[in-house]
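**Q** In my numbering, the protein residues as written are 8 to 296.
Every residue, glycine too, gets a C-beta built ideally from N, C-alpha and C.
It should be emphasised that the depicted structure is a prediction, and the values quoted were computed from it without experimental measurement.
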Amino acid sequence: MKASTLDIVTAAQEQGYAVGAFNVFDDLSLRAVARAAQEQRSPVIIQISVRTAKAIGAELVADMFSAAATSVDVPLSLHLDHCPDPTYAMEVIDAGWSSVLFDASSYDLPQARELTAAVAAHAHQRGAHVESEIENIVGVEDGVGSDVIVHAYSDEELVTVAQETGVDMIAPQLGTAHGLYKGRPALLPERVRRLRTMTSLPIVLHGGTGLSPEDFASFIAAGVSKINVSTALKHSFLDALVDVSAEARAYGRVEPLPILAQIEQRVAGTVAEHLALFGSCGAIPGGAQ
Ligand code: 13P
8 MKASTLDIVT
18 AAQEQGYAVG
28 AFNVFDDLSL
38 RAVARAAQEQ
48 RSPVIIQISV
58 RTAKAIGAEL
68 VADMFSAAAT
78 SVDVPLSLHL
88 DHCPDPTYAM
98 EVIDAGWSSV
108 LFDASSYDLP
118 QARELTAAVA
128 AHAHQRGAHV
138 ESEIENIVGV
148 EDGVGSDVIV
158 HAYSDEELVT
168 VAQETGVDMI
178 APQLGTAHGL
188 YKGRPALLPE
198 RVRRLRTMTS
208 LPIVLHGGTG
218 LSPEDFASFI
228 AAGVSKINVS
238 TALKHSFLDA
248 LVDVSAEARA
258 YGRVEPLPIL
268 AQIEQRVAGT
278 VAEHLALFGS
288 CGAIPGGAQ
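(1) Around the ligand 13P, which residues pass a check of Cβ closer than 5 Å to any of its heavy atoms?
(2) Comparing C-alpha positions only, which one of A10, Y258, K233 and A247 sits nearest to G215?
(3) Our contact map puts T172 next to A124 with C-beta atoms below 8 Å; I'd like the distance itself, whole angstroms only.
(4) In three-state DSSP terms, what is K9?
(5) Starting from the Cα of K9, find the closest Cα among S225, G103, H89 and T59 and give me that residue.
(6) Following the continuous beta strand (DSSP E) through A228, name the residue where it begins and the one where it ends.
(7) For the beta strand (DSSP E) that contains F109, what are its first and last residues?
(8) Using a Cβ-Cβ cut-off of 6 Å (strictly less than) and excluding sequence neighbours within five positions of F32, which residues of its own chain qualify?
(9) Is the stretch 129-137 touching the stretch 148-156 in the sense that three or more CB pairs, one from each, lie closer than 8 Å?
(10) Less than 9 Å between the beta carbons of I227 and Y24, yes or no?
(11) If you pair each beta-carbon of the stretch 244-258 with each one of the stretch 270-283, do three or more pairs fall below 8 Å?
(12) Could you spell out the range, first to last residue, of the beta strand (DSSP E) harbouring E140?
(13) Tell me, to the nearest whole angstrom, how far the beta carbon of V40 is from that of C90; I am working on the premise that it is less than 8 Å.
(14) In the DSSP assignment, find the unbroken beta strand (DSSP E) run with Q118 in it and report its ends.
(15) Strictly by DSSP, which residues pair up with A28?
(16) Is the stretch 108-124 touching the stretch 153-161 in the sense that three or more CB pairs, one from each, lie closer than 8 Å?
(17) In three-state DSSP terms, what is V16?
(18) If you draw a straight line from the C-alpha of G293 to the C-alpha of R48, how long is it?
(19) What would DSSP say about L194, mapped onto helix, strand or coil?
(20) Over what stretch of residues does the beta strand (DSSP E) that includes D88 continue unbroken?
(21) Can you list, in chain order, the residues of its chain whose CB lies under 6 Å from that of I144, leaving out five sequence neighbours each side?
(22) For a minimum of 3 consecutive residues, which ranges assigned as the beta strand (DSSP E) are wholly contained in the stretch 231-280?
(23) Roughly how far, in whole angstroms, is the beta-carbon of L35 from the beta-carbon of I55, given that I think they are within contact range, below 8 Å?
(24) As a quick exercise: from L194, D222 and L187, pick the residue whose alpha carbon is nearest that of L284.
(25) Near E98, which residues of its chain fall below 7 Å by C-beta distance, leaving aside the five closest residues on each side in sequence?
(26) Using a threshold of 9 Å, state whether the C-beta atoms of I141 and L165 are closer than that.
(27) Based on Cα-Cα distance, which residue from A62, M176, R38 and K61 lies nearest to I53?
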């Protein structure tokens, strides 16, 4: 069922687990995430990059999401990932999306503050919510982001800007990066702990791919309540595509639907593994577990 991102994340925060926000890239991956959520009795956030949203169209994504959300009885929301363009962020909100990450990390602080406040005001008028990023979280993903840290702030500055701009969730730099890690990252769960004493705003962890179960556990114990995962799903999809297509060819099978169903199942399996690590399985009562 369709739910508000803030309600989903707040419930996670109150109950001490993290909700997985999975980047999807088409209807198959969207269905895979919804299916994993349903099977695991877990809430999830369906997340989409700006590039993918523009390729499919904001209205069509909203329709695909609505169809998926009404086919399950666990809470699902639709979130736009890393959007530095306030006009596009407002456009998807107008198309009925649940929330956006307004990514102001490329702007200097005064402009970041002004634009973030404008997006938050627009979202709230329409019952949508805003995740805010004003620091650089390194790694380029789907054409957005940077490999260098240009903007970094103190905990106090981060919380003050979030309060002034009226955003609903904060995505601080926590030592993680988008994409595959080249070395062992210097993770900052203690920063989450400090921020949690300063604000009740939910804290979002980016760069979920490549973190260990222990890393996730330590961030969740510190108080992170939304965890973003993208690259792991792309790998799962591609690996499944290669394996399943090779098997289909070897046995002379050419019907696409069973092939696609197997790929969807594999992607759903990857999502379910993450939901287990995030502690959200069984968070929603009901179903035949
Ligand atoms: P990964 O691709 O490293 O999982 O990061 C996803 C993310 O943080 C999307 O915002």
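**A** If we stick to the structure as given:
(1) D88, H185, H213, G214, G215, T216, N235, V236, S237 and T238
(2) For this step, residue 215 is matched to residue 208 along the sequence shown. It is K233.
(3) Residue numbering aside, residue 172 sits at position 165 when the sequence shown is read from its first letter. Residue numbering aside, residue 124 sits at position 117 when the sequence shown is read from its first letter. Contact flag correct, Cβ pair sits at about 4 Å.
(4) Translated into the one-based positions of the sequence shown, residue 9 becomes position 2. The answer is strand: DSSP assigns K9 an E or B state.
(5) Here the question's residue 9 lines up with position 2 in the sequence shown. Comparing Cα positions, the closest option is G103.
(6) If you number the sequence shown from 1, residue 228 lands on position 221. It is not in any beta strand (DSSP E) - A228 instead sits in the alpha helix (DSSP H) that spans P220 to A229.
(7) Sequence index remark: in the sequence shown, residue 109 carries index 102 (1-based). From DSSP, the beta strand (DSSP E) with F109 extends over S106 to D110.
(8) By 1-based counting over the sequence shown, the position of residue 32 is 25. Closer than 6 Å at the Cβ level, and outside the excluded window around F32, lie T59.
(9) no
(10) Position 220 of the sequence shown, counting from 1, holds the residue named residue 227. Position 17 of the sequence shown, counting from 1, holds the residue named residue 24. Cβ atoms of I227 and Y24: closer than 9 Å.
(11) yes
(12) The residue given as residue 140 occupies position 133 in the sequence shown. Counting along the chain, the beta strand (DSSP E) containing E140 begins and ends at H136 to E140.
(13) Within the sequence shown, the letter at position 33 stands for residue 40. Within the sequence shown, the letter at position 83 stands for residue 90. Wrong, their Cβ atoms sit about 20 Å apart, outside the cutoff.
(14) If you number the sequence shown from 1, residue 118 lands on position 111. No beta strand (DSSP E) holds Q118; the alpha helix (DSSP H) holding it covers L116 to Q132.
(15) Taking the sequence shown and counting its residues from 1, one reaches residue 28 at position 21. In DSSP, A28 forms a bridge with I52 and N235.
(16) yes
(17) Translated into positions along the sequence shown, residue 16 becomes position 9. Helix at V16.
(18) Indexing the sequence shown from 1 puts residue 293 at position 286. Indexing the sequence shown from 1 puts residue 48 at position 41. Approximately 7 Å between the Cα atoms of the pair.
(19) The residue labelled residue 194 in the question sits at position 187 within the sequence shown. If DSSP states are grouped into helix, strand and coil, L194 belongs with coil.
(20) The residue given as residue 88 occupies position 81 in the sequence shown. Counting along the chain, the beta strand (DSSP E) containing D88 begins and ends at L83 to C90.
(21) Reading the sequence shown from its first residue, position 137 is the one you call residue 144. Closer than 6 Å at Cβ, skipping near neighbours: Q180 and H213.
(22) 231-236
(23) Counting from one through the sequence shown, the residue named residue 35 turns up at place 28. Counting from one through the sequence shown, the residue named residue 55 turns up at place 48. 14 Å between Cβ atoms; not a contact.
(24) In the sequence shown, counting from the first residue as 1, residue 284 sits at position 277. Out of L194, D222 and L187, D222 has the C-alpha closest to the C-alpha of L284.
(25) In the sequence shown, counting from the first residue as 1, residue 98 sits at position 91. Excluding sequence neighbours, E98 sits near A65.
(26) To locate residue 141, count along the sequence shown from 1; it is residue 134. To locate residue 165, count along the sequence shown from 1; it is residue 158. Yes, Cβ-Cβ distance for I141 and L165 is below 9 Å.
(27) Sequence index remark: in the sequence shown, residue 53 carries index 46 (1-based). Residue R38 is the option with its Cα nearest to I53.
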